[in-house]
Amino acid sequence: MVVDESHNFRNSATNRYRNLLKLVSSGKRNKRVVLLTATPINNSIFDLYHQILLITRGGETYYREWGISNLKTYFKALAKGGVEITELLMQTMVRRSRQDVIRRQQAGEEIRINGKLIHFPKRQLEQFTYNFEDSFAGLYTGIATQIDKLNLPAYNIKAFKKRKDKGEENEVKRNDALVALQKALYFKRFESSLLAFKNSIRNQRDFQTNFYEILTQQGKLLDSKNFRKLVLAAEDEEEGNSVNAIIASLNEVDSKDYDLNQLKQQIEADLRILNNIIITLEKIESSATANTDYDRKLAAFKELLKTQLQGKKILVFSYFKDTAEYLYKQLITDTAWLSQMTVNTQAPVIELLTGATPGKQREEKVKRFAPKANVQTDSDEELTLLQQNPIDILVCTDVLSEGQNLQDAGVLVNYDLHWNPVRMIQRAGRIDRLGTDYDELFIYNCFPEQGLDDLLGLVRRLQERIATIDREVGLDGSVLGETISGKSLDELYKLKMADTDAEKQAILEELEQASDLVSLDEMRLPLLEFLQQASKELIDDIPFGIHSTWNKPIPHPNVPDGGIFFAFRVQDKHFWHFYPRIDNAISLDPNRLISDKRTIFNWLKCQSSDFPKPDELPPVQFDNRIFSVLERAIGNLFNSFQQQQTAKGIKPQMPKLLQSIHHVLTQPDLFQSEPIDEEAKERVLKVITTVNSRSYERDIKAVWENFKQHKNVSLLISELDEYFVDTDQYEELADDQDIRPIEVIQQKDIKLICYEWFKPDTSE
476 MVVDESHNFR
486 NSATNRYRNL
496 LKLVSSGKRN
506 KRVVLLTATP
516 INNSIFDLYH
526 QILLITRGGE
536 TYYREWGISN
546 LKTYFKALAK
556 GGVEITELLM
566 QTMVRRSRQD
576 VIRRQQAGEE
586 IRINGKLIHF
596 PKRQLEQFTY
606 NFEDSFAGLY
616 TGIATQIDKL
626 NLPAYNIKAF
636 KKRKDKGEEN
646 EVKRNDALVA
656 LQKALYFKRF
666 ESSLLAFKNS
676 IRNQRDFQTN
686 FYEILTQQGK
696 LLDSKNFRKL
706 VLAAEDEEEG
716 NSVNAIIASL
726 NEVDSKDYDL
736 NQLKQQIEAD
746 LRILNNIIIT
756 LEKIESSATA
766 NTDYDRKLAA
776 FKELLKTQLQ
786 GKKILVFSYF
796 KDTAEYLYKQ
806 LITDTAWLSQ
816 MTVNTQAPVI
826 ELLTGATPGK
836 QREEKVKRFA
846 PKANVQTDSD
856 EELTLLQQNP
866 IDILVCTDVL
876 SEGQNLQDAG
886 VLVNYDLHWN
896 PVRMIQRAGR
906 IDRLGTDYDE
916 LFIYNCFPEQ
926 GLDDLLGLVR
936 RLQERIATID
946 REVGLDGSVL
956 GETISGKSLD
966 ELYKLKMADT
976 DAEKQAILEE
986 LEQASDLVSL
996 DEMRLPLLEF
1006 LQQASKELID
1016 DIPFGIHSTW
1026 NKPIPHPNVP
1036 DGGIFFAFRV
1046 QDKHFWHFYP
1056 RIDNAISLDP
1066 NRLISDKRTI
1076 FNWLKCQSSD
1086 FPKPDELPPV
1096 QFDNRIFSVL
1106 ERAIGNLFNS
1116 FQQQQTAKGI
1126 KPQMPKLLQS
1136 IHHVLTQPDL
1146 FQSEPIDEEA
1156 KERVLKVITT
1166 VNSRSYERDI
1176 KAVWENFKQH
1186 KNVSLLISEL
1196 DEYFVDTDQY
1206 EELADDQDIR
1216 PIEVIQQKDI
1226 KLICYEWFKP
1236 DTSE
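What follows is the structure in structure tokens.
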């Protein structure tokens, strides 16, 4: 199974993710899954976690034999900087990034495609600015402060419950994080365009008004599940749900359980704030009738195109469809500006492309904008026709930020702030592609001249609030994946402040590295260079067990006094283990073991010029302590294999939902006296106790909720049995091949390849 642009499945809360997880989880367990993406991480490390779960069919223990006992725990540690990602990348990723290719070329390697020597153009980072503060003093600070004061109480109803158990208290905290996420979304839309922001604020006002009326007249309240739908509706147009549809699905509650007065007060306070924001925006809008610039950002953008980019082919990105549509309309209806943009009697042709653009139109517009990149070389007639009907400026959303060849253009303009600056690299990849005719590409970013610090400060505070809640009660990866990280805010500020060419190139390289994750080529290239210099015979003659001593301090807080490095091979697997020296003795405590290959590689790497010639190296006395140290190191590795084999035989605890179903099916007499289909019951029990049901939990829950209404065990069995047939769960049971079997390892299978002592004291 091949999944292209797999980063579109980074959010486990979307319908498309759940459907794909069902697809990869059903049927044969040993199917091969290949995910293709240029940017596996868009927002946070949890983007990668959700994509990896597609490979593991939702299993958390898939990589246990590589020291990753639980994927979710591992990714939480990754997010906090507690572990390295190298081993997981080695097991899951095949890649060659732009930076990898450039490094190889810098090392003297010629890289050709179809016989043609490839090259990448130089990226030039530029910016244009706008200033609302001249005409509307305090606009950013004033509106941003009002957004920050919003309560959004309708999205955290449990907070108003008079008596809450521990689980409900935790749910209140988690919903606080979702409220902070919603506020951050308003900040994004506020910066994007006044129209996009105004639409959001109006929608929120309408929602709160409808909610208030239904609360006071019908006694219905919004639960956190439906709030999640609203977040998705705002963030992802394809996953959107209408306000009326969501309100229609609200649960009825017993008003006696809630402090309705406090809830009403907070809704009323929010409505006052929302109406004040709308009044402010309408005042700004009315200034357009007084012949003043209503939209300073739009005016600055038009000035940039007129004075610096006239006659060029330009790709313009906005994160929001509202903003893209507004921008397009403003450009094509400004006849004075279009006249000023005219070159050789031809005004620029401007088109719009968003997720709402039909597929056939999208393909046509892409070809008209970039005919050379999208027409086959032998189609001269089609190329000529397209060039006679070109598109000069294409305004689009991120629907075009992936999987498209648009290298006919040499200029990219990002109309919104980069709340996730790595996305700038993803967008730049549309025009920075092999085969471009440009030696230089220009990337323009837009910034407000004033108010940015206040805006970033408010967003950072929201992010810190979300991080605190995650530490206290834990948040779902899909929530964490949508947050604006502190690192992204720092990168955003660096983008704004970069002034010199050197500073601009430095931030570009930093963002490319963040987009690329860890480059494993930095470990492979020195080996390739050595293999090119040394003969194969020399490599083959190196005996197992070779060793050396290096008087070198290691810059790591847990390795204060050197240690010892072992390289082991177990069948077709390789393990690098480093044990530190503590109190003048090697500590073989497994808890002190360092096994990340990239970390150890950075300690091992060296140049031949770092040492005298081999014949001139002083002799080092053989250290007999190696025998006892090696024996215990091998014992630790063998014990880890035994623990994995033991864990393999332990069934994971069933989720609470399946525990409830198991209780009913194993004691049916408690619920009904009629006989049941024992054969079907045993089939169902085997599935819920054996098969990973993560991808089907929502559907199984719906069956369970029906049972709680009708209390008919036979019907419960029948519905589950029919569902498991439809989703091929029984076929998975029949296929007894583990998708990631644990091999039985004996101690004699562990081979020592080499070892190295690290001693910081040169007198030893």
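Quick note: the sequence shown uses the numbering used here, first residue 476, plus one each step. All residues carry an ideal CB built from backbone N, CA and C; glycine is no exception. None of the values given here were measured: they were computed from a predicted structure.
Over the uninterrupted alpha helix (DSSP H) stretch that includes residue 549, give me the two end residues. Locating residue 549 in the sequence shown gives position 74, where the first residue counts as 1. Residue 549 -> alpha helix (DSSP H) spans 546-554.
Would you grab the beta carbon distance between residue 792 and residue 871 for me? Rounded to a whole angstrom, and I think it's under 8 Å. Position 317 of the sequence shown, counting from 1, holds the residue named residue 792. Position 396 of the sequence shown, counting from 1, holds the residue named residue 871. Confirmed, Cβ separation roughly 6 Å.
State the DSSP-derived secondary structure class of residue 516, mapped to helix, strand or coil. The residue labelled residue 516 in the question sits at position 41 within the sequence shown. Of the three classes helix, strand and coil, the one that applies to residue 516 here is coil, per DSSP.
Out of curiosity, what's the CA-to-CA distance linking residue 1239 and residue 1099? Counting from 1 along the sequence shown, the entry for residue 1239 is found at position 764. Counting from 1 along the sequence shown, the entry for residue 1099 is found at position 624. Because the pLDDT of residue 1239 is 41, which lies under 50, any placement of that residue in the model is unreliable, and the question is left without a value.
To test your reading of the DSSP string, which unbroken alpha helix (DSSP H) runs of 4 or more residues are found completely within the stretch 649-673? none
State the DSSP-derived secondary structure class of residue 1322, mapped to helix, strand or coil. The structure shown does not extend to residue 1322, since the chain is modelled only from 476 through 1239, so no value can be given for it.
Quick check: the Cα distance between residue 591 and residue 913, rounded to an integer number of angstroms? In the sequence shown, counting from the first residue as 1, residue 591 sits at position 116. In the sequence shown, counting from the first residue as 1, residue 913 sits at position 438. So the two alpha carbons sit approximately 16 Å from each other.
How should residue 799 be labelled, buried or exposed, when 16 other C-beta atoms within 10 angstroms of its C-beta is the threshold for buried? Residue 799 sits at position 324 when you count from the first residue of the sequence shown. Classification for residue 799: buried.
Could you please give the first and the last residue of the uninterrupted alpha helix (DSSP H) stretch that includes residue 863? Here residue 863 refers to the residue found at position 388 when the sequence shown is read from its first residue. Looking at the DSSP string, the run of the alpha helix (DSSP H) that includes residue 863 is 855-863.
Are the beta-carbon atoms belonging to residue 733 and residue 635 less than 8 Å from one another? Sequence index remark: in the sequence shown, residue 733 carries index 258 (1-based). Sequence index remark: in the sequence shown, residue 635 carries index 160 (1-based). Yes, these two residues count as a Cβ contact at 8 Å.
Proximal residues to residue 1226 (C-beta, below 8 Å), its chain only, five neighbours per side dropped: One-based indexing of the sequence shown puts residue 1226 at position 751. Excluding sequence neighbours, residue 1226 sits near 1019, 1043, 1044 and 1045.
What number of angstroms, rounded off, separates the C-alpha of residue 738 from the C-alpha of residue 896? As a first step, residue 738 is located in the sequence shown; it is residue number 263 there, counting from the start. As a first step, residue 896 is located in the sequence shown; it is residue number 421 there, counting from the start. Whole-angstrom Cα-Cα distance: 38 Å.
Do residue 618 and residue 665 have their C-beta atoms within less than 8 Å of each other? In the sequence shown, residue 618 corresponds to position 143, counting from 1. In the sequence shown, residue 665 corresponds to position 190, counting from 1. Closer than 8 Å, so yes.
At 4 residues or longer, what runs of the alpha helix (DSSP H) sit wholly inside the stretch 607-637? 614-624
Does residue 816 pass the burial test, meaning 16 or more other C-beta atoms within 10 Å, or should it be called exposed? Walking along the sequence shown from the start, residue 816 turns up at place 341. Its Cβ being crowded by 16 or more others within 10 Å, residue 816 is buried.
Along the beta strand (DSSP E) that carries residue 1041, what are the first and last residues, could you check? Reading the sequence shown from its first residue, position 566 is the one you call residue 1041. For residue 1041, the uninterrupted beta strand (DSSP E) run begins and ends at 1038-1045, by DSSP.
Between which two residues does the beta strand (DSSP E) harbouring residue 1230 extend? Taking the first residue of the sequence shown as 1, we reach residue 1230 at position 755. Per DSSP, the continuous beta strand (DSSP E) segment holding residue 1230 begins and ends at 1225-1233.
Within its chain, find whatever has a CB closer than 7 Å to the CB of residue 512; leave out the 5 residues flanking it on each side and keep chain order. As a working mapping, residue 512 is identified with position 37 in the sequence shown. Annotation for residue 512: 480, 481 and 482 place their beta carbon closer than 7 Å to its own, counting only its chain and skipping 5 residues before and after.
Supposed contact pair residue 632 and residue 658 - C-beta distance, whole angstroms, cut 8 Å: Numbered from its first residue, the sequence shown carries residue 658 at position 183. Numbered from its first residue, the sequence shown carries residue 632 at position 157. So it is not a contact: roughly 18 Å between Cβ atoms.
Given residue 1174 as reference, the closest of 1155, 1194, 1160 and 1164 once Cα atoms are compared: On the sequence shown, residue 1174 is found 699 positions in, with the first residue counted as 1. Ranked by Cα distance from residue 1174, the options 1155, 1194, 1160 and 1164 are led by 1194.
Using a Cβ-Cβ cutoff of less than 7 Å, which residues in the same chain neighbour residue 706 once the five nearest sequence positions on both sides are dropped? Along the sequence shown, one-based indexing puts residue 706 at 231. Only weak support is given to the placement of residue 706: the predicted model assigns it a pLDDT of 48, under 50, and the value that follows is read from those uncertain coordinates. Excluding sequence neighbours, residue 706 sits near 653, 656 and 657.
Starting from residue 1137, trace the alpha helix (DSSP H) in both directions and tell me its first and last residue. By one-based count along the sequence shown, residue 1137 stands at place 662. It spans 1131-1141 - the alpha helix (DSSP H) in which residue 1137 sits, taken as one unbroken run.
Keeping to the same chain, check which residues put their C-beta closer than 8 Å to that of residue 670; ignore five residues upstream and five downstream. Against the sequence shown, residue 670 aligns to sequence position 195. Contacts found: 797, 798 and 801.
Does residue 829 pass the burial test, meaning 16 or more other C-beta atoms within 10 Å, or should it be called exposed? Along the sequence shown, read from residue 1 onward, the residue named residue 829 stands at position 354. Buried is the call here.
Could you check if residue 1081 is buried or exposed, using at least 16 other CB atoms within 10 Å of its CB as the buried criterion? Position 606 of the sequence shown holds residue 1081. So residue 1081 counts as exposed.
Using only the alpha-carbon positions, how far apart do residue 858 and residue 882 sit? Indexing the sequence shown from 1 puts residue 858 at position 383. Indexing the sequence shown from 1 puts residue 882 at position 407. So the alpha carbons of these two residues sit roughly 15 Å apart.
Within 10 angstroms of the Cβ of residue 667, are there 16 or more other Cβ atoms? Answer buried if so, exposed if not. Numbered from its first residue, the sequence shown carries residue 667 at position 192. By the neighbour-count rule (16 or more Cβ atoms within 10 Å), residue 667 is buried.
By Cβ distance below 7 Å, which residues in the same chain neighbour residue 1180 in space, the five residues on each side in sequence not counted? Reading the sequence shown from its first residue, position 705 is the one you call residue 1180. Excluding positions up to five away in sequence, the list is empty.
Would you say the beta carbon of residue 1166 comes nearer than 7 Å to a heavy atom of the ligand GDP? The ligand content of the structure shown is nil, which means the ligand GDP is not present either.
Count the other C-beta atoms from every protein chain shown that fall within 10 angstroms of the C-beta of residue 898, then say buried if there are 16 or more, exposed otherwise. Within the sequence shown, numbered from 1, the residue matching residue 898 stands at position 423. That one is buried.
Within the stretch 975-1032, note down every full beta strand (DSSP E) run reaching 3 residues or more, in order along the chain. 1021-1025
Please report the straight-line C-alpha distance between residue 1191 and residue 1163, rounded to a whole angstrom. As a first step, residue 1191 is located in the sequence shown; it is residue number 716 there, counting from the start. As a first step, residue 1163 is located in the sequence shown; it is residue number 688 there, counting from the start. If I take the Cα positions, the gap works out to 13 Å.
Please state whether DSSP places residue 476 in a helix, a strand or coil. Translated into the one-based positions of the sequence shown, residue 476 becomes position 1. It is coil, neither helix nor strand.
Spatial neighbours of residue 1095 within its chain, please: CB distance less than 6 Å, with the 5 preceding and 5 following residues excluded, ordered by chain position. On the sequence shown, residue 1095 is found 620 positions in, with the first residue counted as 1. If we look at residue 1095 and ignore the five residues flanking it on each side, its Cβ neighbours are 1024.
Just how far apart, CA to CA, sit residue 522 and residue 1093? Against the sequence shown, residue 522 aligns to sequence position 47. Against the sequence shown, residue 1093 aligns to sequence position 618. Roughly 51 Å separates the two Cα atoms.
If we count Cβ pairs, one from each stretch, closer than 8 Å, do we get three or more for the stretch 489-506 versus the stretch 529-537? yes
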